[in-house]
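Here the sequence shown is numbered in this note's numbering, starting from 429 and rising by one per residue. All C-beta atoms, glycine included, are put in the ideal place defined by N, C-alpha and C.
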Amino acid sequence: MGAYWADAYYFDLLKSTRCVQYIKRPQADIRASYGTTAPVQWRGQAQRMYFYDGPTFINGQFQTVATYANGDPMAMVQGSVGLVGCHLESQAHWYTKKYMQPQWHANQHHALLAQFVADYLLQSRQMPLF
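Now the structure itself:
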């Protein structure tokens, strides 16, 4: 989803918050860059979500929506910016490897992504999209 682009090194959309590689964080359960699924807590519910070298978010103030297995933020909202480290937009063809096939979410993560946008980014305090 391009969350790294919000960091100070690129578009500088965040106040005091940095987007850093999750795989480099202490106690990260994934330690290398490759397509896999990560166990996360999404709004209090256990999920396995497609992960490919996604970020976590450190410093500053933001609302945490989801966390990785080590407790680091996986999805967050700060003002009118919502960022997600895993790929909720993942498609079925991303899960073609035999070990990945049982992890396919059957489009359920697409609904979670749409709900994330509706709940956190379409409120009157957020930037209007239309």
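| Item | Value |
| --- | --- |
| Minimum length 3: unbroken beta strand (DSSP E) runs contained in the region 456-495 | 464-470, 473-479, 483-486 |
| Span separating the alpha-carbon of G513 from that of M502 | 5 Å |
| Through-space distance from A431 to Y437, alpha-carbon basis | 12 Å |
| Anticipated Cβ contact below 8 Å, A434 with L540, distance rounded | So it is not a contact: roughly 20 Å between Cβ atoms. |
| Beta-carbon spacing of A497, D457 below 8 Å | yes |
| Within-8 Å CB hit, R476 to chain B | In summary, chain B is missing from the structure at hand, where a single protein chain is found. |
| Where the beta strand (DSSP E) through Q449 begins and ends | 446-449 |
| Residue of R476, V448, W522, K525 minimising C-alpha distance to P467 | R476 |
| Range of the contiguous alpha helix (DSSP H) that encloses A546 | 536-548 |
| Where the beta strand (DSSP E) through A436 begins and ends | Taken as a continuous stretch (DSSP letters only), A436 belongs to no beta strand (DSSP E), as it is neither H nor E. |
| Inter-residue Cα distance where the pair is N487 and S461 | 23 Å |
| Cβ distance (whole Å) where Q505 is taken to contact F490 below 8 Å | In the sequence on display, residue 505 carries Val and not Gln. About 6 Å separates the two Cβ atoms, so the contact holds. |
| Per-residue burial, L550 [other beta carbons within 10 Å of its own, 16 or more giving buried] | exposed |
| Beta-bridge partners of P501, as assigned by DSSP | T495 |
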